[in-house]
Amino acid sequence: MTQSNAAETHIREYLGTPTDLNAEKVKAVVHGLAQVLADVFALYIKTKNFHWHMSGRHFRDYHLLLDEQSQQIFAMTDPLAERARKIGGTTLHSVGEISRMTKILDNDALYVTPEDMLAELRDDNQTLVRRLRAVHALCDDANDVATASLIEVWIDEGERRTWFLFESTRPVFGHND
Numbered sequence: 545m546t547q548s549n550a551a552e553t554h555i556r557e558y559l560g561t562p563t564d565l566n567a568e569k570v571k572a573v574v575h576g577l578a579q580v581l582a583d584v585f586a587l588y589i590k591t592k593n594f595h596w597h598m599s600g601r602h603f604r605d606y607h608l609l610l611d612e613q614s615q616q617i618f619a620m621t622d623p624l625a626e627r628a629r630k631i632g633g634t635t636l637h638s639v640g641e642i643s644r645m646t647k648i649l650d651n652d653a654l655y656v657t658p659e660d661m662l663a664e665l666r667d668d669n670q671t672l673v674r675r676l677r678a679v680h681a682l683c684d685d686a687n688d689v690a691t692a693s694l695i696e697v698w699i700d701e702g703e704r705r706t707w708f709l710f711e712s713t714r715p716v717f718g719h720n721d
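Its first residue numbered 545, the sequence shown is counted upward by one per residue in my numbering.
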C-alpha cells in the first residue's frame with residue numbers, strides 16, 4: 545500500500561464522517577474549503593496588521609472599520625473547518641499549509657499609507673470572494689447545499705467589506721475610476 549493510500553485509509557477509518565455526498569466530489573469541495581480557509585487566515589492577519597498600524601487623520605474611522613472587518617473574517621474560520629469535517633474531509637493543519645495555499649499576498653512593509661492599506665484590503669477581499677464563488681460552483685456540482693448556503697453569506701459579507709473599503713478610498717467628489 546502506498547503512503548498516500550495508507551493516509552486515506554487512516555483518515556477514512558479515524559476521521560471519516562459519514563455522508564451521502566459523492567466521495568470524489570467531496571474531495572474537491574474539501575480542497576476548495578481548505579484554500580478558502582487559508583485565504584481567510586491570511587486576510588485576517590493582514591487586516592489586523594493594518595488595523596494595528598493605521599495612522600493619519602482618519603485613524604479612528606479606519607481603525608474601527610478594520611477591527612470590525614477582521615472580526616467578521618475571523619468568524620468564518622471555525623465554520624469553514626468544521627464544514628469540511630462534517631462532510632467527511634479534513635482541514636488545514638499548519639501555518640505552513642496556510643502559506644502554501646493562500647492567494648492573499650503578504651505585506652511586511654514597515655509603513656503603508658492608510659489609502660494603500662484600504663486599497664490592498666479591498667483587492668484582497670475581492671480575491672477571497674472569487675475563491676468563494678469557485679468553491680460554490682464545486683458545492684453545486686456535489687449537491688452540497690449546506691456548504692453552498694454558508695458560502696453565499698460569506699460572499700455577501702466579502703462584497704460588503706469590498707464596498708466599504710472602496711468607498712473609503714474614493715476622492716471626496718470623485719467618480720468611479
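C-beta atoms are modelled at their ideal positions from N, C-alpha and C, and glycine is treated no differently.
No experiment lies behind these values; they were computed from the predicted model shown.
Whole-angstrom distance between residue j and residue i, CA atom to CA atom
| i | j | result |
| --- | --- | --- |
| D660 | D622 | 30 Å |
| M598 | H637 | 31 Å |
| R629 | V716 | 47 Å |
| S643 | R604 | 31 Å |
| C683 | D583 | 18 Å |
Integer-rounded CB distance, given that residue j should sit under 8 Å from residue i
| i | j | result |
| --- | --- | --- |
| I631 | V570 | 5 Å |
| D700 | V573 | That pair is no contact at about 20 Å. |
Residue i and residue j closer than 8 Å at C-beta
| i | j | result |
| --- | --- | --- |
| L662 | L709 | yes |
| R601 | T691 | no |
| S712 | L624 | no |
| R675 | K647 | yes |
| V679 | L577 | yes |
| R705 | Q613 | yes |
| K590 | D668 | yes |
Proximity winner among the options, relative to residue i (alpha-carbon distances)
| i | options | result |
| --- | --- | --- |
| L649 | G576, R677, V716 and F585 | F585 |
| L672 | V656, Y655, T657 and V697 | V697 |
| W596 | V656, T634 and A567 | V656 |
| G633 | R714, E568, E703 and F594 | E568 |
Short CB-CB distance (under 8 Å) between residue i and chain D
| i | result |
| --- | --- |
| R601 | The structure shown has no chain D; it contains just one protein chain. |
Quiz prompt | Length-filtered (4 minimum) alpha helix (DSSP H) runs lying within the region 598-624 | solution = 603-618
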